[in-house]
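Residue numbers (our numbering): 21 to 760.
By construction, the Cβ of each residue, glycine as well, lies at the ideal position given by its N, Cα and C atoms.
Computed from a predicted structure; not experimentally measured.
Data block below; observations after.
Below is the structure:
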């Protein structure tokens, strides 16, 4: 939060311990504030797909990946091909240390691997084809954790050209591979079964009336249950093909087709026997255990995507990878199935390239995936490409304003992951003003708030993208008074707020709105003798009304720092005084003081934020002194009393604390705060129902220090946190970090 530079100084600065030694930088630049709003360009969103570094293949001029299989997060094997005078097979193993090339025996030049399954780091089966003088034969190789070994695979009688495209195993000794066998100019589906000792050909069927048929993908949930997909074609028409293995034979399952009359399925993933997702050229189909149905996929850039690989987890989500053509150039595509629709995801190649594609994806959890393929370097040619998908904090900071001395975001509230409102304060040579930023899921847009020259918005709460309430204070005739403003999706409008009759100065520090017509704001006021007292105000849909809220008797420096309302009849507020902390609870009629103590051995507890998922489940965070060291504090309300939880201390921190918390359930909370090493940095902690786990958030490149003061989560995997950082010119700038 930007420090106040006015004629009036607050008795206590909100989040007072957030960043020791903070100061306002004075880097003067040209002011550019337009009548319509602040002149700023929003930064585009970054995706959760992160390109991984893969090694150069010795002796090869080009190389690429064709398939990947992961047995656990960060443990994968990818296969592909390389070329350096002669074509060679490629295999690379991924561990937490990175990717390493593993030698693969090659039966003949021009062999290729197109499918892989791994049950662990020491057991994989890969399939493909190997050329012969008269065509090709199926190829299978096994990995034992140290070496790859060729497995003998049978060739269909009378079919000179055959290949395996995909493989699925329920164990290293029970696998099914599918592909095609060609005789003359006709293709037929091919399936082979591995029993741990040898491969055996299984009988498959073509679709009725089809001249050709191929199987491109397979997924097995047990030894007696596999589903394979592909297509059957005649001339220029193609029909989707799905076959089901019941332990004894393959049988065709009816599949719908696209209106165009051309439907090709390339891949399938079945997290259970009655749930499968198949993808292909411009199409996806879903199996519910009884029938297949068409599912619309995303069209990146408005063009049709060829999703050649798909991976689904038991938790429900699916991820698909492939490519499409944009103005004749092949570009990679990644898409996500959230249970109801497919959405295009961003996956940005960070090296020099002019075309790219993805050919394999493997997910071990709902939020951990690896996808592979290629990118074409304009100078060096094809290179292997790998991306990792995992939940991570990503810098989504709005671009800096022109002409300000310092800028910071004070608070954020998200009605959905694609709809957040953040409020902040900027300082110019002549003004100290509040502003707002709206997040649309990909960009931030700046919005001006009503124009008094000395305002501070400290907190915001949104019930919808078109209904947010922000509170703070406004300096009138040199006196800070309470301030509330409402956002209707288009403009901000000031609302009248009462001030205590005995107040010399009044401040609202937090607000919580459980519905459009019900908000509670808290803060404090200072009387003319310099004593501080608590404030609570309630919005009833028409006006703000003051409420009596008790504070600790006989204590100095009393102020409420945070509030959370599960409903209009259930709120918890947290506060602090000189040397201690307290809470207040609202039952729909009145506020009651609730005691809370620092953990055993601690002192000078400070609560800065609270989040409630019900009247009997709240989490409050802050910091306290343990000896001479400042450490994070977490307190849990069970409906009867507050109990201290052991928050995580970031490794190596000389001091640390938590400034904001957001809970989406009793077992899912995320907190943001600071950690002090040589400089001040940001940290996030996640509560999984049993313990807090800390994660250092990397600051923007070149920043000198950073801090996060507010956080809003819509789920355990979707959060937005805001604050500020010092850039390399020592100027305070807006900071926004998204967890997704």
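* Pick from 151, 672 and 571 that is closest to residue 183, judged by C-alpha positions -> When only C-alpha atoms are compared, the closest one is 151.
* Asked: How many whole angstroms separate the CB atoms of residue 235 and residue 281, which I take to be in contact at a CB cut-off of 8 Å?
  -> With a Cβ gap of about 20 Å, residue 235 and residue 281 do not count as contacting.
* To do: Kindly indicate the opening and closing residues of the beta strand (DSSP E) around residue 603.
  => First-last of the beta strand (DSSP E) with residue 603: 600–606.
* To do: State yes or no: is the C-beta of residue 717 within less than 8 Å of the C-beta of residue 757?
  => Contact: yes.
* To do: Write down every uninterrupted run of the alpha helix (DSSP H) in the segment 500–588 whose length is 4 residues or greater and which is fully enclosed by it, in chain order.
  => Listed in chain order, there is nothing to give.
* Would you call the CB atoms of residue 670 and residue 611 closer than 8 Å? -> No, Cβ-Cβ distance for residue 670 and residue 611 is not below 8 Å.
* Asked: Name the DSSP beta bridge partners of residue 324, please?
  -> Note: residue 324 sits in no beta bridge, so no partner.
* Asked: Which of the three DSSP states, helix, strand or coil, is assigned to residue 421?
  -> In the three-state scheme derived from DSSP, where H, G and I count as helix and E and B as strand, residue 421 is classed as coil.
* Backbone CA spacing between residue 336 and residue 609 [nearest angstrom] -> The straight-line gap from Cα to Cα measures roughly 43 Å.
* Bounding residues of the beta strand (DSSP E) (the contiguous stretch that carries residue 750) -> No beta strand (DSSP E) holds residue 750; DSSP gives it neither H nor E.
* **Cβ-Cβ separation, residue 737 to residue 411 (assumed contact under 8 Å), whole Å** => Sure, about 5 Å apart at Cβ, within 8 Å.
* Since I believe residue 227 is in contact with residue 171 (beta carbons under 8 Å), could you give me their beta-carbon distance rounded to a whole number of angstroms? => Going by Cβ atoms, the distance from residue 171 to residue 227 rounds to 30 Å, so no, they are not a contact pair.
* Asked: When DSSP builds the beta bridges, which residues end up paired with residue 689?
  -> DSSP, once it has assigned bridges, lists 683 and 707 as partnering residue 689.
* **Simplified DSSP state of residue 700, which is helix, strand or coil** => Residue 700: strand per DSSP, three-state reduction.
* Asked: Should residue 207 be labelled buried (16 or more other beta-carbon atoms within 10 Å of its own) or exposed?
  -> By the 16-neighbour rule on beta-carbons within 10 angstroms, residue 207 is buried.
* Helix or strand or just coil, what does DSSP make of residue 355? -> Note: residue 355 maps to strand in three-state DSSP.
* **Cut-off 6 Å between Cβ atoms - residues of its own chain near residue 225, not counting five sequence neighbours on either side** => So the qualifying residues of the chain are 272.
* When DSSP builds the beta bridges, which residues end up paired with residue 414? -> Answer is 758, bridged to residue 414.
* To do: Helix, strand or coil for residue 453, going by three-state DSSP, please let me know.
  => It is a strand residue.
* Asked: Taking the DSSP output, what are the residues bridged to residue 95?
  -> For residue 95, which the question treats as bridged, DSSP gives the partners 92.
* To do: Take residue 317 as the anchor and find which of 342, 346 and 177 has the nearest alpha-carbon.
  => Of the candidates 342, 346 and 177, the one whose C-alpha sits nearest the C-alpha of residue 317 is 342.
* In DSSP terms, what residue 401 is bridged to -> For residue 401, which the question treats as bridged, DSSP gives the partners 397.
* **6 Å Cβ shell around residue 403 - same chain, five flanking residues per side excluded** => Answer for residue 403: 395 and 397, listed in chain order.
* Asked: Looking only at C-alpha atoms, which of 350, 376 and 218 sits nearest to residue 162?
  -> For the residues 350, 376 and 218, the minimum Cα distance to residue 162 belongs to 218.
* Residue range of the beta strand (DSSP E) that residue 443 falls in? -> Per DSSP, residue 443 belongs to the beta strand (DSSP E) from 439–447.
* **Segment limits, beta strand (DSSP E) that includes residue 727** => Per DSSP, residue 727 belongs to the beta strand (DSSP E) from 725–735.
* To do: Check the DSSP bridge columns for residue 391 and list the partner residues they point to.
  => Looking at the DSSP assignment, residue 391 forms a beta bridge with 381 and 407.
* **Integer-rounded CB distance, given that residue 366 should sit under 8 Å from residue 69** => Contact check for residue 69 and residue 366: beta-carbon distance about 7 Å, within the 8 Å limit, so the pair qualifies.
* Keeping to the same chain, check which residues put their C-beta closer than 7 Å to that of residue 230; ignore five residues upstream and five downstream. => Counting only Cβ-Cβ distances below 7 Å, and skipping sequence neighbours, we find 252, 253, 254 and 259.
* Would you check if the segment 546–553 and the segment 505–517 touch, i.e. whether three or more CB-CB distances between them fall below 8 Å? => Contact between the segment 505–517 and the segment 546–553 is absent, because fewer than three Cβ pairs lie under 8 Å.
* Evaluate contact between the segment 745–753 and the segment 424–440, counting only Cβ atoms and requiring at least three cross-stretch pairs below 8 Å. => Put simply, the segment 745–753 touches the segment 424–440. At least three CB pairs are less than 8 Å apart.
* To do: Can you check the segment 151–185 for any alpha helix (DSSP H) of at least 4 residues that lies completely inside it and give the ranges in chain order?
  => The qualifying runs do not exist here; there are none.
* **Identity of the residue in 291, 536 and 579 nearest residue 588 by Cα** => The candidate whose alpha carbon is nearest that of residue 588 is 536.
* Are at least three pairs of beta-carbons, each pair with one atom in the segment 690–699 and one in the segment 431–444, less than 8 Å apart? -> In this structure the segment 690–699 does not lie against the segment 431–444, because fewer than three pairs of beta carbons, one per stretch, are closer than 8 Å.
* Asked: How close, in whole Å, do the beta carbons of residue 479 and residue 529 come, if the pair is a contact with beta carbons under 8 Å?
  -> Yes, residue 479 and residue 529 are in contact; Cβ-Cβ is about 6 Å, under 8 Å.
* Asked: Cβ of residue 457 within 8 Å of Cβ of residue 464?
  -> By the CB criterion at 8 Å, residue 457 and residue 464 fall inside the cutoff.
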